[in-house]
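Below is one structure; the comments refer to it alone.
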Amino acid sequence: MNQIQQLEQDFLRMDVPPFKAGDTVKVNVKIREGEKERIQIFQGFVLRRQGESNRETFTVRKVSAGIG
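Note that the working numbering gives residue 76 to position 58 of the sequence shown, counting from 1, and the numbers run on in steps of one.
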């Protein structure tokens, strides 16, 4: 196992529940406004997942007032 793979294993999060495209999820987003920092909950459905392990990304489409 090379060093990059070892680092990925060290930082792998096991507390993320399994989900797939089409599922509705809530994502906590950290927002910085000047020196202030807050967490905003973003809810929508998963359009796609791409990549694997720590390099994985997913696209969420927000539904607001029934539109989206």
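Each residue gets a CB set at the ideal place from its N, CA and C atoms; glycine is no exception.
| Item | Value |
| --- | --- |
| Other residues of its chain near residue 58: CB distance less than 6 Å, five sequence neighbours each side excluded | 47, 49 |
| Simplified DSSP state of residue 31, which is helix, strand or coil | coil |
| Cβ-Cβ distance between residue 43 and residue 62 below 9 Å | yes |
| Minimum C-alpha distance to residue 80 - residue among 45, 67, 51, 53 | 45 |
| Nonlocal neighbours in the same chain, by C-beta distance under 8 Å from residue 40, ignoring five residues either side | 63, 64 |
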